[in-house]
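Protein chains in written order, with the numbering used here: chain A, 351 to 484; chain B, 351 to 484.
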């Protein structure tokens, strides 16, 4: 997400309300679509981070053009969240969302010592899944 | 990476030998450049995964066009590795690397129950870092 690391919920499958979360890579539409890679280092302490992150996750999943999200935070503290969107405009609108803007400011003030956000166009995608008989 | 989840080493800074790893988002050149988002679920047991992952990490960092990597595996088992490359050709050459090909096959046979690989063009990037006086 742009400015707020979601909780490490694994990921949610692609659906407009962000329900049916599963700990597996998110399914996705045929490329092209867009990805926001948010890599972060948390500051010490929660400081309201968990509650706001949960709220932002719900809000994001309700945005037009939201496709899904995958998130993991390593034991060394590095977090990677990749959210997927139908268009750059959908990403722009979410970044500009009033409540999200407040979270972005709080993120810089209290939650993160460092983050990098990369806006990407997903050009190709392929998956592997173990077959039931394996 | 294409077919092999690297160890959860946080990330390494951008440099051709993949040294100077730090638990922070990777620095990167001015876009455009390319990202490979590799999201995976590990199978049970190590089965030689750690050794091969370490070997692949070294090999990848020696490939032409390698820029860096960020990796995290969540406690729920979802892993996200994002590797960065100068070009699609650099990604293609790494995917086709003979030893990496073997690892990709072993990954499907033994290490992963599911993975998704997304090839992306990084179009924009911006970062935040806490100032020393904060």
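Glycine included, every Cβ here is placed at the ideal spot set by N, Cα and C. As the structure is a computational prediction, the values presented were derived from the model and not from experiment.
Looking at chain A, which residues of the segment 466 to 483 of chain B have a Cβ within less than 9 Å of any of its Cβ atoms?
Hits within the stretch, in order: 466, 467, 468, 469, 470, 471, 472, 473, 474, 475, 476, 477, 478, 479, 480.
Taking residue 486 of chain B as part of the alpha helix (DSSP H), name the residues at either end of that continuous run.
Coverage of chain B is limited to positions 351 through 484, which leaves residue 486 of chain B absent and any answer about it impossible.
Please list, in chain order, all residues of the same chain as residue 475 of chain B whose beta carbon is under 7 Å from its beta carbon, the five residues on each side excluded.
Result list for residue 475 of chain B: 378, 381, in chain order.
Please list, in chain order, all residues of the same chain as residue 399 of chain A whose beta carbon is under 6 Å from its beta carbon, the five residues on each side excluded.
Excluding sequence neighbours, residue 399 of chain A sits near 461.
Whole angstroms is fine: what's the gap from residue 405 of chain A's alpha carbon to residue 451 of chain B's?
In a straight line, the C-alpha of residue 405 of chain A is about 42 Å away from that of residue 451 of chain B.
Name the chain B residues whose beta carbon is nearer than 8 Å to that of residue 429 of chain A?
Neighbours of residue 429 of chain A on chain B, chain order: 422.
Buried or exposed for residue 391 of chain B, please, with buried defined as at least 16 other CB atoms from any protein chain shown within 10 angstroms of its CB.
With 16 or more other Cβ atoms within 10 Å, it is buried.
Answer with yes or no whether the minimum CB distance from residue 463 of chain A to chain B is below 8 Å.
Output row for residue 463 of chain A: interface = yes.
For the beta strand (DSSP E) that contains residue 422 of chain B, what are its first and last residues?
Start and end: 416 to 423.
Could you give the distance in angstroms between the alpha-carbon of residue 469 of chain A and the alpha-carbon of residue 429 of chain A?
Looking at the two C-alpha atoms, the distance is approximately 17 Å.
Tell me the DSSP secondary structure of residue 403 of chain A in three-state form.
Residue 403 of chain A: helix per DSSP, three-state reduction.
List the endpoints of the continuous beta strand (DSSP E) containing residue 429 of chain A.
Element bounds for residue 429 of chain A: 428 to 435.
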